[in-house]
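Chains as they are written, first to last, in our numbering: chain A, 316 to 478; chain B, 8 to 381.
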């Protein structure tokens, strides 16, 4: 009997509380900086070109093989009168978001901190009518960082070990 | 042969037709409102917000559901008994619908005030068990069959304490006319004199409506919806409508019979608006209690359910009848009733507590099997 009374009181006290539901499509909760949506490429604002040199490290590390990387000689390199120290630069880059499982491995293996996990809501709200539309090309991957839309969070090497 | 309806003199048959149409319309609207209210209140009990997208505050959610249900295909299993299967929803729905006839909503606002209104209500409202058994039998489905049988067993068991607690009210009022019963409570509502009868009545109505914690006939986790298993579309929605209509009817009946109806306090001195507020508040309290219990208490086992009715509720309500009889015959003061009722309530609480706390006793054969296995 005490159990029944207790259960009634529990539900009543819950009834008096405010609902925890958030009206999602109209209200977006602020995401943490380390939120892990899909990977995208970062833009080097000092030199005005992508960080990515097309070194294939992420492509080789990717466990689901969702990436395709093509490299080219950097037309903006110092040897040809440019202001960049990158000898090679990314030419074409595709990431199939339909295959990506957001494991963060590409971010960890990147030698140039050129790839990061999207930490904005744009990285989550990606529904499309055709699966092919989920294959992102270089321009799509860079646009968010180029426009300054992404919140900076650079993974610190060895941070996991320090804890 | 003319009758007056809202002050107009009209033909008797037209009058009957108009009143029936009125019941159907009001009942449907109220059932929709109750479904919306239940979803909203239950959501708050679980810290959710409930329907909110369809119309303002989700008010049109029930309408959307109704349209969806009507649009669905009306399926019938191949092996089902066609007549039994197709008629069952009506047998559930119509008795509940008939129960409206004698209810006193406000002073002189009712469908037809019967001299034996309470008896009529009890007689009519228990007929819908036939529909449940028909649905269970006609579906040619084992789960539906079990559910229908459970519904029958439960309804028969809980009918007795329900009726006995209403009998005490009739004894106090000295009448079966619901109008007299309501007006007999102008000073003191019967819940103050018969607290035990009220609690027994409340528990029995939960069982009659197949509401949690007595929803074993339609328990989704055990009999996958019981008699509803094979129903879809409009027939299923008729079951649903019947369920919520009976919730409304019983809430109005409780308000009228135990909580003083439109009469207490000072209901007859003020106008119909005040009476409407009174009735709405009283039946609203009852409905809220039903939802609250639903949100809190898990489903009983069938043997617990049956023994709770036969071993606890029925003897206590018989004692209540006896006490009321003594008080009436020897003309003891009414306060004696209240004291006895509170004592009975304490007894009910203590017995229920002991029943909940006691360990499960297996039948003899199972006990020997278990001891051999160990």
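All residues carry an ideal CB built from backbone N, CA and C; glycine is no exception.
Cut-off 8 Å between Cβ atoms - residues of its own chain near residue i, not counting five sequence neighbours on either side
i: residue 224 of chain B; result: 139, 154, 155, 157, 158, 161, 217, 230, 233 and 234
i: residue 449 of chain A; result: 411, 412, 413, 441 and 443
i: residue 477 of chain A; result: At residue 477 of chain A, the pLDDT of 44 sits below 50, so the modelled position is not reliable; the number obtained from the coordinates is stated separately. There are no such residues.
i: residue 352 of chain B; result: 202, 203 and 206
i: residue 265 of chain B; result: 176, 196, 197, 198, 201, 204, 205 and 208
Candidates the options, of which the one nearest residue i by Cα
i: residue 291 of chain B; options: B/256, B/307, B/310 and B/318; result: B/256
i: residue 179 of chain B; options: B/170, B/168, B/169 and B/192; result: B/192
i: residue 258 of chain B; options: B/279, B/247, B/243 and B/294; result: B/294
i: residue 383 of chain A; options: A/403, A/367, A/408 and A/363; result: A/408
i: residue 403 of chain A; options: A/418, A/386 and A/415; result: A/386
i: residue 309 of chain B; options: B/92, B/263, B/249 and B/219; result: B/219
i: residue 376 of chain A; options: A/323, A/389 and A/426; result: A/426
i: residue 32 of chain B; options: B/263, B/104 and B/261; result: B/104
i: residue 228 of chain B; options: B/270, B/150 and B/285; result: B/150
i: residue 270 of chain B; options: B/84, B/194, B/181 and B/254; result: B/194
i: residue 362 of chain A; options: A/392, A/324 and A/345; result: A/392
i: residue 185 of chain B; options: B/260, B/69, B/20 and B/374; result: B/260
i: residue 163 of chain B; options: B/66, B/90, B/122 and B/129; result: B/129
i: residue 73 of chain B; options: B/116, B/242 and B/307; result: B/242
i: residue 135 of chain B; options: B/43, B/336, B/95 and B/48; result: B/95
i: residue 71 of chain B; options: B/91, B/88, B/81 and B/43; result: B/43
i: residue 170 of chain B; options: B/214, B/54 and B/196; result: B/214
i: residue 332 of chain B; options: B/127, B/54 and B/177; result: B/177
i: residue 37 of chain B; options: B/247, B/348 and B/377; result: B/247
i: residue 421 of chain A; options: A/451, A/463 and A/371; result: A/371
Coarse secondary structure for residue i, derived from DSSP in three states
i: residue 39 of chain B; result: helix
i: residue 354 of chain A; result: strand
i: residue 478 of chain A; result: Low per-residue confidence applies at residue 478 of chain A: pLDDT is 40, beneath 50, and the placement is therefore not dependable, though the value from the model is reported in the following sentence. Residue 478 of chain A: coil per DSSP, three-state reduction.
i: residue 240 of chain B; result: helix
i: residue 365 of chain A; result: strand
i: residue 403 of chain A; result: strand
i: residue 112 of chain B; result: coil
i: residue 426 of chain A; result: coil
i: residue 409 of chain A; result: strand
i: residue 276 of chain B; result: coil
i: residue 378 of chain B; result: helix
i: residue 341 of chain A; result: helix
i: residue 117 of chain B; result: coil
i: residue 187 of chain B; result: helix
i: residue 313 of chain B; result: helix
i: residue 17 of chain B; result: strand
i: residue 450 of chain A; result: strand
i: residue 359 of chain A; result: strand
Close beta carbons around residue i, own chain, < 7 Å, minus the five adjacent residues each side
i: residue 457 of chain A; result: 356, 358 and 365
i: residue 152 of chain B; result: 143 and 144
i: residue 351 of chain A; result: 417, 419 and 432
i: residue 210 of chain B; result: 320
i: residue 102 of chain B; result: 131, 132, 134 and 135
i: residue 262 of chain B; result: 268, 286, 289, 290 and 293
Run of the beta strand (DSSP E) containing residue i, from where it starts to where it stops
i: residue 384 of chain A; result: 382-388
i: residue 431 of chain A; result: 430-432
Other residues of its chain near residue i: CB distance less than 6 Å, five sequence neighbours each side excluded
i: residue 338 of chain B; result: none
i: residue 86 of chain B; result: 147
i: residue 319 of chain B; result: 358
i: residue 302 of chain A; result: In the structure as shown, chain A starts at 316 and stops at 478, and residue 302 of chain A therefore has no counterpart that could be examined.
i: residue 466 of chain A; result: 348 and 434
i: residue 17 of chain B; result: none
Endpoints, the alpha helix (DSSP H) within which residue i is located
i: residue 152 of chain B; result: 149-180
i: residue 68 of chain B; result: 68-78
i: residue 201 of chain B; result: Careful: residue 201 of chain B lies outside any alpha helix (DSSP H) and carries neither H nor E.
i: residue 439 of chain A; result: Taken as a continuous stretch (DSSP letters only), residue 439 of chain A belongs to no alpha helix (DSSP H), as it is neither H nor E.
i: residue 334 of chain A; result: Unbroken run through residue 334 of chain A: none, as it is neither H nor E.
i: residue 348 of chain A; result: First-last for residue 348 of chain A: undefined, no H or E at that position.
i: residue 328 of chain B; result: 321-336
i: residue 128 of chain B; result: 124-132
i: residue 372 of chain A; result: 372-376
i: residue 342 of chain B; result: 341-364
i: residue 228 of chain B; result: 227-230
Legend entry - Against chain A: residues of the stretch 306-334 of chain B by CB proximity under 9 Å: none
Legend entry - Where the stretch 291-305 of chain B meets chain A: residues whose CB sits under 8 Å from a CB there: 299, 300, 302, 303 and 304
Inset, instruction - Taking only beta carbons into account, state which residues of the stretch 27-59 of chain B come closer than 9 Å to chain A, listed in chain order. - result: 48, 50, 51, 52, 53, 54, 55, 56, 57 and 59
Inset, instruction - May I ask you to list, following chain order, the residues of the stretch 330-361 of chain B that have a beta carbon less than 7 Å from some beta carbon of chain A? - result: 356, 359 and 360
Inset, instruction - Name, going along the chain, the residues of the stretch 331-346 of chain A whose beta-carbon falls closer than 7 Å to a beta-carbon of chain B. - result: 332, 334, 335 and 336
Inset, instruction - Could you list the residues in the stretch 74-86 of chain B with a C-beta less than 8 Å from some C-beta on chain A, going in chain order? - result: none
Legend entry - Contact set between the stretch 173-207 of chain B and chain A, restricted to residues whose Cβ is under 8 Å from the partner: none
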